[in-house]
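**Student:**
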Amino acid sequence: QQQVKQSPQSLIVQKGGIPIINCAYENTAFDYFPWYQQFPGKGPALLIAIRPDVSEKKEGRFTISFNKSAKQFSLHIMDSQPGDSATYFCAASMSQGGSEKLVFGKGTKLTVNP
Amino acid sequence: DAGVTQSPTHLIKTRGQQVTLRCSPKSGHDTVSWYQQALGQGPQFIFQYYEEEERQRGNFPDRFSGHQFPNYSSELNVNALWLGDSALYLCASSLAGPGRLGYTFGSGTRLTVV
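Order-wise, the sequence lines are chains A and B. Throughout, this note's numbering is defined as the position within the first sequence, counted from one, plus 89. Take the second sequence: its letter number 30 is residue 10 in this note's numbering, and every next letter is one higher.
1. Candidates B/Leu1, B/Lys6, B/Ser74, B/Val94: which alpha carbon is nearest B/Glu55's?
2. Could you check where the beta strand (DSSP E) with B/Asn57 kicks off and where it finishes?
3. Taking Cβ positions only, does B/Gln48 come closer than 8 Å to chain A?
4. B/Ser73 lies in the beta strand (DSSP E); which residues open and close that run?
5. Alpha carbon to alpha carbon, what distance is there between B/Leu70 and B/Leu23?
6. Kindly give me the distance between the Cβ atoms of B/Leu61 and B/Gln17, rounded to whole angstroms, as I take these residues to be in contact under 8 Å.
7. If I'm right that B/Ala72 touches B/Tyr15 with Cβ under 8 Å, what's the distance once you round it to whole angstroms?
8. Can you give me the Cβ contacts of B/Arg43 inside the same chain, cut-off strictly under 7 Å, excluding the 5 residues immediately before and after it?
9. If you scan the region 99 to 166 of chain A from start to end, which runs of the beta strand (DSSP E) of 3 or more residues do you find wholly inside it?
10. I need the DSSP call for B/Leu63, collapsed to helix, strand or coil.
11. Compute the distance between the beta-carbons of B/Thr89 and B/Thr(-11), then report whether it is under 8 Å.
12. Step through the CB atoms of chain A and report whether any lies within less than 8 Å of the CB of B/Phe35.
13. Hey, quick one: how far does the beta strand (DSSP E) through B/Arg(-5) stretch, first residue to last?
Following this line, the structure appears as structure tokens:
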């Protein structure tokens, strides 16, 4: 119940394409869903996050779509660029007594070809 | 404004040895969480420290222990190292409270156990 399942494992798109990464969760107590971007040799960096009372959130070229009934959420990257090539992680968390921990998916390695 | 600082960046240890990893949180943050990221996997939560106390713990054995100092910096200790402990260890800092400002991750310490 603590798992977050992420797909695909890897993704290759051409510059300007719209890669889509999907995640699913089981635990309905999760109430915060962030996406992280990680470059080799670096720690994950927060890209965008959403709460379950919102169905979509956009920040620049990044959009999260959230389907509460299906317990699924996805990341769309508009007009993808070679600089977007990185590993992307979805995550979920819930607050427990003022503390929270992130449960991560296994990651998607995105390659954007020029 | 310095982000999260971790030291050392790389470390090689022998099976059975003990290791201490260090983390300085982002300025203004008072909560430190530690994550283990095996190669090709998403980060897994080890534990979280707030007000010098372990507030929440993931599914890791007692060989993994930690400490938080009055200046909010933190240490992760691992005893009796196994080959399977080889991973990137990430420290993340955040600000406790009702608002979710999100984690800031450091670049990690790459631990290799031989």
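Ideal placement from N, C-alpha and C gives every residue a C-beta, glycine not left out.
**Tutor:** In this structure, then:
1. Taking the second sequence and counting its residues from 1, one reaches residue 55 of chain B at position 75. Here the closest residue by C-alpha is B/Leu1.
2. As a working note, residue 57 of chain B is residue 77 in the second sequence. Run containing B/Asn57: 54 to 58, per the beta strand (DSSP E) assignment.
3. Position 68 of the second sequence, counted from the start, is the residue given in the question as residue 48 of chain B. Not one beta carbon of chain A lies nearer than 8 Å to the beta carbon of B/Gln48.
4. The residue labelled residue 73 of chain B in the question sits at position 93 within the second sequence. It spans 67 to 74 - the beta strand (DSSP E) in which B/Ser73 sits, taken as one unbroken run.
5. The residue you call residue 23 of chain B lines up with position 43 of the second sequence. The residue you call residue 70 of chain B lines up with position 90 of the second sequence. According to the sequence provided, residue 23 of chain B is Pro. The question's Leu does not apply to it. Approximately 8 Å, taken between the alpha carbons.
6. Within the second sequence, numbered from 1, the residue matching residue 61 of chain B stands at position 81. Within the second sequence, numbered from 1, the residue matching residue 17 of chain B stands at position 37. Separation of the CB atoms of B/Leu61 and B/Gln17 is rounded to 17 Å, and the pair is thereby denied contact status at 8 Å.
7. For the purposes of this step, residue 72 of chain B is identified with residue 92 of the second sequence, where counting begins at 1. For the purposes of this step, residue 15 of chain B is identified with residue 35 of the second sequence, where counting begins at 1. The Cβ separation is near 7 Å, so the contact holds.
8. Indexing the second sequence from 1 puts residue 43 of chain B at position 63. Val58, Asn59, Ala60.
9. Qualifying beta strand (DSSP E) stretches, in chain order: 99 to 103, 109 to 114, 122 to 127, 134 to 139, 145 to 148, 151 to 156, 161 to 166.
10. Locating residue 63 of chain B in the second sequence gives position 83, counting from the first residue. The DSSP-derived three-state label of B/Leu63 is helix.
11. Here residue 89 of chain B refers to the residue found at position 109 when the second sequence is read from its first residue. Here residue -11 of chain B refers to the residue found at position 9 when the second sequence is read from its first residue. Yes, they are a contact pair.
12. Counting from one through the second sequence, the residue named residue 35 of chain B turns up at place 55. It is Arg, not Phe, that sits at residue 35 of chain B in the sequence shown. Cβ-Cβ to chain A under 8 Å: yes for B/Arg35.
13. The residue you call residue -5 of chain B lines up with position 15 of the second sequence. It is not in any beta strand (DSSP E) - B/Arg(-5) carries neither H nor E in the DSSP assignment.
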